[in-house]
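Line order of the protein sequences matches chains A and B. Residue numbering for the first sequence is 1 to 242, as defined by the working numbering. Residue numbering for the second sequence is 1 to 242, as defined by the working numbering.
There are 2 protein chains.
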Amino acid sequence: MSLATDAADKPTLYKRIRADIEKRILTGEWPPGHRIPFEHELVARYGCSRMTVNKALSELAQADLIERRRRAGSFVRRPQHQSAVLKIADMRAEITGLGRAYGYELIGRKLRAATAADRDRLGVKKAGKVVAITCRHSADNVPFAVEDRLIDLASVPDAATADFSREPPGSWLLHHVPWTEAEHTISAIVADDRTAEALDIAVGAPCLVIDRYTWRSARTITAVRLLYPGDSHRLVARFKGG
Amino acid sequence: MSLATDAADKPTLYKRIRADIEKRILTGEWPPGHRIPFEHELVARYGCSRMTVNKALSELAQADLIERRRRAGSFVRRPQHQSAVLKIADMRAEITGLGRAYGYELIGRKLRAATAADRDRLGVKKAGKVVAITCRHSADNVPFAVEDRLIDLASVPDAATADFSREPPGSWLLHHVPWTEAEHTISAIVADDRTAEALDIAVGAPCLVIDRYTWRSARTITAVRLLYPGDSHRLVARFKGG
DNA sequence: CACGATTATATGTCTAGACATATAAGTCAA
DNA sequence: TTGACTTATATGTCTAGACATATAATCGTG
Numbered sequence: 001m002s003l004a005t006d007a008a009d010k011p012t013l014y015k016r017i018r019a020d021i022e023k024r025i026l027t028g029e030w031p032p033g034h035r036i037p038f039e040h041e042l043v044a045r046y047g048c049s050r051m052t053v054n055k056a057l058s059e060l061a062q063a064d065l066i067e068r069r070r071r072a073g074s075f076v077r078r079p080q081h082q083s084a085v086l087k088i089a090d091m092r093a094e095i096t097g098l099g100r101a102y103g104y105e106l107i108g109r110k111l112r113a114a115t116a117a118d119r120d121r122l123g124v125k126k127a128g129k130v131v132a133i134t135c136r137h138s139a140d141n142v143p144f145a146v147e148d149r150l151i152d153l154a155s156v157p158d159a160a161t162a163d164f165s166r167e168p169p170g171s172w173l174l175h176h177v178p179w180t181e182a183e184h185t186i187s188a189i190v191a192d193d194r195t196a197e198a199l200d201i202a203v204g205a206p207c208l209v210i211d212r213y214t215w216r217s218a219r220t221i222t223a224v225r226l227l228y229p230g231d232s233h234r235l236v237a238r239f240k241g242g
Numbered sequence: 001m002s003l004a005t006d007a008a009d010k011p012t013l014y015k016r017i018r019a020d021i022e023k024r025i026l027t028g029e030w031p032p033g034h035r036i037p038f039e040h041e042l043v044a045r046y047g048c049s050r051m052t053v054n055k056a057l058s059e060l061a062q063a064d065l066i067e068r069r070r071r072a073g074s075f076v077r078r079p080q081h082q083s084a085v086l087k088i089a090d091m092r093a094e095i096t097g098l099g100r101a102y103g104y105e106l107i108g109r110k111l112r113a114a115t116a117a118d119r120d121r122l123g124v125k126k127a128g129k130v131v132a133i134t135c136r137h138s139a140d141n142v143p144f145a146v147e148d149r150l151i152d153l154a155s156v157p158d159a160a161t162a163d164f165s166r167e168p169p170g171s172w173l174l175h176h177v178p179w180t181e182a183e184h185t186i187s188a189i190v191a192d193d194r195t196a197e198a199l200d201i202a203v204g205a206p207c208l209v210i211d212r213y214t215w216r217s218a219r220t221i222t223a224v225r226l227l228y229p230g231d232s233h234r235l236v237a238r239f240k241g242g
């Protein structure tokens, strides 16, 4: 996705135009607020049709690098570092990606009628059945994260009979449930007795917490809490202008 | 940005086509791997030209919702929840957005030749001058986060004379440095004496840590560490398929 | 059957126009 | 000066074609 890569990959005209402009913005040559050339000027400069220029500018606008205003022109936008892409990989991919051996262990699995706490956690009103799963992921046989998950059986009935002793529920769900939306909440806690034991760390040690709530078209699917030893794990979010 | 909003905003044809397809993917009607209609089929169905259909499909491909393969067709992609957008707002915006009063206090500011540790933290090799800043952000007069920042003066010479006693360095930089790229690393620690005092929390209490490293076209600009009380602050990252 | 050459086809890019629409800028009257 | 009206213009969308290109499918040959 870098400029160089795009240019090398396919030196099509609209990509070259896009890359040229992106470069001037990123190097600061065209600062925020700067009006970039009008479409008809770029048409003249590159000797192409307006649709080609328009495609380049539309993509820059979609990437929030420029803002387009009718009658006024297109302007370089103020940087917005507040938005970064956080890659939350599948646990197996994350661990094998670090060059370590992935291990999985089911700690507990319960099928029960949803308690008030369960309903609250899943954000559903009606009572129904849920599966509660606790498991542990390890890297090179060292505890990497503990997972505490709730699956709404009203949305995913197959989960009642799925065998989670071999396959982690996250990867099972990924293969059994189509497109979803999710919200992640990240916070920090200190390990209590149970957590400390599961992660093999000291009581009171810091832990990074990710709470993920997943749904599909307004239907709750699962809520999961992941606990990582805070001093060894890091989440990386990268922002790139474009 | 929802389907309904787009449809209500501008019922242009290509947006309608995009929304129609997006809906079928998100509801699971067209599961991952499903081949969506060929462009010429959609042209027939909507009675428009191929360019219009192509624009709709191109945007879906850019959003990673579909994959396009020459000669084969376009296919619904497997969900990739590992990617989420993390909104790391400007501190003032974040706090005022919570409906609380923003407060800022400069704790320390030093101009010095970069130490080995500074160079390591900024990822630069050459020695040079840096500004080291420590400050605190508060919400309703309660400590919200402490900030520990290093600015590379080789990249931002103006920072040497900037007055950080009133304006936070983050917001100053946002207005003085054009487009940047950034990498955020999130982890958890427990408060040491100094942190506990600055945040007015107990020693040993959990803290959420964000390390942000910012650069512009391969040039380091600043490195900052933000410490939040871990039990009160939460970072929210949301994924939406499209 | 295996493998290389050929062909058909869906997407990728592009053109030279068109009309629609929002809005900055200018005009004019109160 | 201010507010209402008009106009000019840049972008937004769309068309009906075109050729390029990657590749799945087919065909032929050893």
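Even for Gly, the Cβ is constructed at its ideal location relative to N, Cα and C. Predicted model, so just to flag it, every value in this text is computed and none were measured.
Measure the alpha-carbon distance for residue i versus residue j and round it to whole angstroms.
i	j	result
Tyr228(A)	Asp148(A)	12 Å
Arg212(A)	Val142(A)	23 Å
Gly241(A)	Cys135(A)	For Gly241(A), the pLDDT reaches just 43, beneath the cut-off of 50, and the residue's location in the model is therefore unreliable, although a value from the coordinates is still provided. Looking at the two C-alpha atoms, the distance is approximately 38 Å.
Ser2(A)	Ala237(A)	Caution applies to Ser2(A), whose pLDDT of 39 falls short of 50 and renders its modelled position unreliable; the value that the coordinates give is listed next. So the alpha carbons of these two residues sit roughly 17 Å apart.
Tyr46(B)	Ala188(B)	53 Å
Arg78(A)	Val85(B)	19 Å
Leu13(B)	Ala61(B)	18 Å
Ile25(B)	Leu173(A)	17 Å
Asp231(A)	Cys207(A)	7 Å
Asp20(A)	Ser138(A)	46 Å
Arg100(B)	Leu122(A)	29 Å
Val156(A)	Thr222(A)	9 Å
Phe38(A)	Met51(A)	13 Å
Pro32(A)	Arg109(B)	28 Å
Ile95(B)	Ile107(B)	19 Å
Arg225(A)	Glu181(B)	30 Å
Gly73(A)	Gly73(B)	36 Å
Ala218(B)	Trp179(B)	12 Å
Thr195(A)	Thr214(A)	24 Å
Looking at chain A, is there any beta carbon in it that lies within less than 9 Å of the beta carbon of residue i?
i	result
Ala7(B)	For Ala7(B), the predicted structure reports a pLDDT of 40, less than 50, and the residue's modelled location is therefore unreliable. A value from the coordinates is still provided. False, the Cβ-Cβ gap to chain A never drops below 9 Å.
Ser83(B)	yes
Trp172(B)	no
Leu122(B)	no
Thr185(B)	yes
Tyr228(B)	yes
Pro31(B)	yes
Gly103(B)	no
Ile36(B)	no
Asp140(B)	no
Thr115(B)	no
Classify residue i as helix, strand or coil using the three-state DSSP reduction.
i	result
Gly170(B)	helix
Ser217(B)	coil
Leu60(A)	helix
Ile201(B)	coil
Met1(A)	Here the model assigns Met1(A) a pLDDT of 40, short of 50, so the residue's position is not dependable and the matter cannot be decided.
Val53(A)	helix
Pro157(B)	helix
Val43(A)	helix
Thr115(B)	coil
Glu183(B)	strand
Thr222(B)	strand
Leu13(A)	helix
Asp244(A)	Nothing in the structure corresponds to residue 244(A), since chain A is present only between 1 and 242.
Asp152(A)	strand
Leu235(A)	strand
Provide the residue(s) that pair with residue i in DSSP beta bridges, ordered along the chain.
i	result
His137(B)	Tyr104(B) and Ala145(B)
Phe75(B)	Arg35(B) and Glu67(B)
Val177(A)	DSSP lists no partner for Val177(A).
Leu207(B)	The question names Leu, but residue 207(B) is Cys in the sequence shown. Ile189(B) and Pro229(B).
Val124(A)	According to DSSP, which records beta bridges pairwise, Val124(A) is partnered with nothing at all.
Any beta carbon of chain B sitting closer than 9 Å to that of residue i?
i	result
Arg78(A)	yes
Gly241(A)	For Gly241(A), the pLDDT reaches just 43, beneath the cut-off of 50, and the residue's location in the model is therefore unreliable, although a value from the coordinates is still provided. Answer yes: the Cβ-Cβ gap between Gly241(A) and chain B drops below 9 Å somewhere.
Val209(A)	yes
Lys126(A)	no
Pro178(A)	yes
Val236(A)	yes
Pro143(A)	no
Leu65(A)	yes
Glu181(A)	yes
Ala205(A)	yes
Tell me, to the nearest whole angstrom, how far the beta carbon of residue i is from that of residue j; I am working on the premise that it is less than 8 Å.
i	j	result
Val131(A)	Ala159(A)	5 Å
Asp120(A)	Thr220(A)	About 12 Å; that fails the 8 Å criterion.
Lys129(A)	Leu111(A)	6 Å
Glu59(B)	Arg18(B)	6 Å
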